[in-house]
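Encoded as structure tokens, the structure appears first; notes follow it.
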Amino acid sequence: QCNCSYTAKLLHILDKYLKHTECRCTRKGPKIRYKDVQKLEIKPKHPFCQEKMIFVTMENVSRFKGQEYCLHPKLQSTKNLVKWFRIWKDKHRVYEA
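Per the UniProt record's numbering, the very first residue in the sequence shown carries number 1; after that it's consecutive.
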């Protein structure tokens, strides 16, 4: 037999939890120069987040020391960083023979 009131409460708590874990990239990160970025990852949308997630891993420069940041995809500063990082990486790409 099912305790429906308990199940309803559990579903309500789970729903609230999922809404708080929707998107990890909700805040603006520190001012980041594209040359200080070691790795840029763009993760696709998923069921609990309707926006793509953009992660940058920083070079081991004194200010960042390899930290990872999640940047809000709709901010103009994030769009510019992605654009310039891709251009810079393409120019400095090493091709192997």
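For glycine and all other residues, C-beta sits at the position ideal for the given N, C-alpha and C.
Remember, predicted model here, so these are calculated numbers, not experimental data.
Name the one or two DSSP bridge partners that residue i has.
i: V56; result: L40 and Y69
i: H46; result: C49
Roughly how many angstroms separate the alpha carbons of residue i and residue j, rounded to a whole number?
i: T7; j: P73; result: 36 Å
i: H46; j: H92; result: 32 Å
i: K89; j: K79; result: 16 Å
i: E68; j: Q38; result: 10 Å
i: M53; j: S5; result: 36 Å
i: E51; j: K9; result: 29 Å
Which residues in the same chain have their Cβ closer than 7 Å to the Cβ of residue i, if we skip the five residues on either side of it in sequence?
i: D36; result: M58, E59, V61 and F64
i: Y34; result: L81, W84, F85 and W88
Since I believe residue j is in contact with residue i (beta carbons under 8 Å), could you give me their beta-carbon distance rounded to a whole number of angstroms?
i: V56; j: L75; result: Between L75 and V56 the Cβ distance is about 13 Å, and since that is not below 8 Å, they are no contact.
Tell me whether the beta-carbon of residue i lies closer than 9 Å to the beta-carbon of residue j.
i: residue 158; j: S77; result: Residue 158 lies beyond the residue range present for the chain, which begins at 1 and ends at 97; the question has no answer from this structure.
i: E40; j: F85; result: Here residue 40 is Leu; the residue named in the question, Glu, does not match the sequence. Taking 9 Å as the Cβ cut-off, L40 and F85 qualify as a contacting pair.
Here's a check: name, in chain order, each residue in its chain whose Cβ is nearer than 8 Å to the Cβ of residue i, leaving out the five neighbours to either side.
i: G66; result: Q38, T57, M58, E59 and N60
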